[in-house]
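Each step along the sequence shown adds one to the number in UniProt numbering, with nothing skipped, and position 121 is 121.
Remarks on the structure that follows.
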Amino acid sequence: MEQQISTNQALRSSMNMQFEDGIFIKDYIRMMAYMIVLCFTLAISLSFWVLSITASTYYGTLQPVSPWRWLFSVLIPLFITFRAFKRRNLDHGGAIGAMLVGFVLSMANMSFFGALLTFFVTSSKLTKWKGDIKKQTDSDYKEGGQRNWLQVFCNGGVPTELALLYMIEAGPGEIPVDFGKQYSASWMCLSLLGALACSTGDTWASEVGPVLSRRKPRLITTWKDVPAGTNGGVTPVGLVASVLGGGTVGTAYYFMQLLLVKDLNFTVPQWPLILYGAIAGLFGSLLDSFLGATMQYSGYDESIGKVHCSCLGLLGYSGLGTESCDFIVFHVHFFFFI
């Protein structure tokens, strides 16, 4: 009996040692993977820096980009995207798209990146917030709010276009929004901020409104009561949330300006960017609601008491989806402010 007990203890001890060895090996592999990614990132950043120096020397008119900007533009978006993918905020395609958007915006202007990061973090948090309540009204609600490449493209495509145009016009770097000194570049800065504020305002309205609103939403075109989850429905809480969301992005952009832009004392005040972001957030939410009410299909399933795309029609057409509405909203905003 005693021999059997000692044998069992030896087996348990051996199993514990194997388990600890397995954990050590996994930690070692993870650490080596991080080191390889870091070295690879440094190599890419230095390669880009050498290319920018070569192009600057060859053309003579291009200002070389510092290696620190290259490193930040590659490393930080990669780190944030990896974290978002691990937390299931992004799928594979969404992670690749978000990495490209983050790289372009941070390379062009750190204020762009600050606004983008504010949109992504707040929207991801609010999408997961009160998920059990959202399931009761939204039959298509996804646990965790995982975004794919199409959603990333619809939300980040216009800002990426504007960031590329900004680099062509003014080069990588931070500038004050001043129409008297840099007219075209200032318009691009405002348009990019407005696009991100539109997206944030619309997301905040759709995530906060259904949870905190105590009354049924009203259809924006007829102002009649509609079931919760109907495309084109608005609530006072949602509209206030859209203003706050856009204002939050504007505030992030403003603080990045204070931190990174030199000689702000000799240019126009930058604080109106906060107000501009709030207005753009409200504009984006209202425009998205109008498109949802007039062009997007909403159906109602009486058996479960929820709005569903494949059930009895309430309003709209079946050819336009949520991503299509977002894509149209951002391009309307782009042409409206350009």
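Quick reminder that beta carbons are idealized off the backbone N, C-alpha and C, glycines included.
Because the structure is a prediction, the values reported are computed rather than measured.
Exercise for review: Express the C-alpha separation of residue 192 and residue 219 in angstroms, rounding to a whole number.
Suggested key: Between residue 219 and residue 192, the C-alpha separation is close to 29 Å.
**Study point:** Alpha carbon of residue 246 to alpha carbon of residue 258, nearest angstrom
**Key:** Cα-Cα distance, rounded: 19 Å.
Point to revise | residue 281 (DSSP reduced to helix, strand or coil) | key: Here residue 281 sits in helix by DSSP.
Review point. Which residues mark the beginning and the end of the alpha helix (DSSP H) in which residue 89 is found?
Key: No alpha helix (DSSP H) contains residue 89, which DSSP labels as neither H nor E.
Check your understanding: So who's on the other strand from residue 218, going by DSSP bridges?
Key -> Residue 218 pairs with 225 and 234.
Review point. If you drop the 5 nearest sequence neighbours on each side, which residues of the same chain put their C-beta closer than 6 Å to that of residue 102?
Key: Counting only Cβ-Cβ distances below 6 Å, and skipping sequence neighbours, we find 77.
**Study point:** Residue from 167, 221, 274 and 99 whose Cα sits closest to the Cα of residue 294
**Key:** Comparing C-alpha distances from residue 294 to each of 167, 221, 274 and 99 shows the shortest one belongs to 221.
Check your understanding: Apart from the five residues on each side of it in sequence, which residues of its chain come closer than 8 Å, Cβ to Cβ, to residue 236?
Key -> Closer than 8 Å at the Cβ level, and outside the excluded window around residue 236, lie 213.
Practice item. Take residue 238 and list the residues in its own chain whose beta-carbon comes closer than 6 Å to its own, dropping the five residues that flank it on each side. Key: By the criterion of a C-beta distance shorter than 6 Å, residue 238 is surrounded in its chain by 205 and 209, once the five residues flanking it on both sides are discounted.
Review point. If residue 130 and residue 211 are in contact, beta carbons under 8 Å, what's the gap, nearest whole angstrom?
Key: Between residue 130 and residue 211 a beta carbon distance of about 5 Å is seen, short of the 8 Å cut, so the two are scored as contacting.
Check your understanding: What are the residues that DSSP puts in a beta bridge with residue 83?
Key -> Paired residues: none, contrary to the question.
Point to revise | Beta-carbon proximity list for residue 289, same chain, < 6 Å, skipping 5 on both sides | key: Only 220, 232 and 234 meet the Cβ criterion.
Check your understanding: Between the region 149-163 and the region 93-112, are three or more C-beta pairs nearer than 8 Å?
Key -> These segments touch.
Check your understanding: Can you tell me whether residue 89 is buried or exposed, with buried defined as 16 or more other CB within 10 angstroms of its CB?
Key -> The residue is buried, with at least 16 neighbouring Cβ atoms inside 10 Å.
Point to revise | For residue 81 and residue 149, the rounded distance between their alpha carbons | key: When the Cα atoms are used, residue 149 and residue 81 turn out to be separated by approximately 13 Å.
Check your understanding: In chain order, what residues of the same chain lie with their CB nearer than 6 Å to the CB of residue 93, ignoring the 5 residues before and after it?
Key -> Counting only Cβ-Cβ distances below 6 Å, and skipping sequence neighbours, we find 148 and 149.
Review point. Based on Cα-Cα distance, which residue from 223, 267, 161 and 108 lies nearest to residue 70?
Key: Measuring from the Cα of residue 70, the nearest candidate turns out to be 108.
Point to revise | residue 275, buried or exposed, once every other Cβ within 10 Å from all chains shown has been counted against 16 | key: Residue burial annotation: residue 275 is exposed, with fewer than 16 other C-beta atoms found within 10 angstroms of its C-beta.
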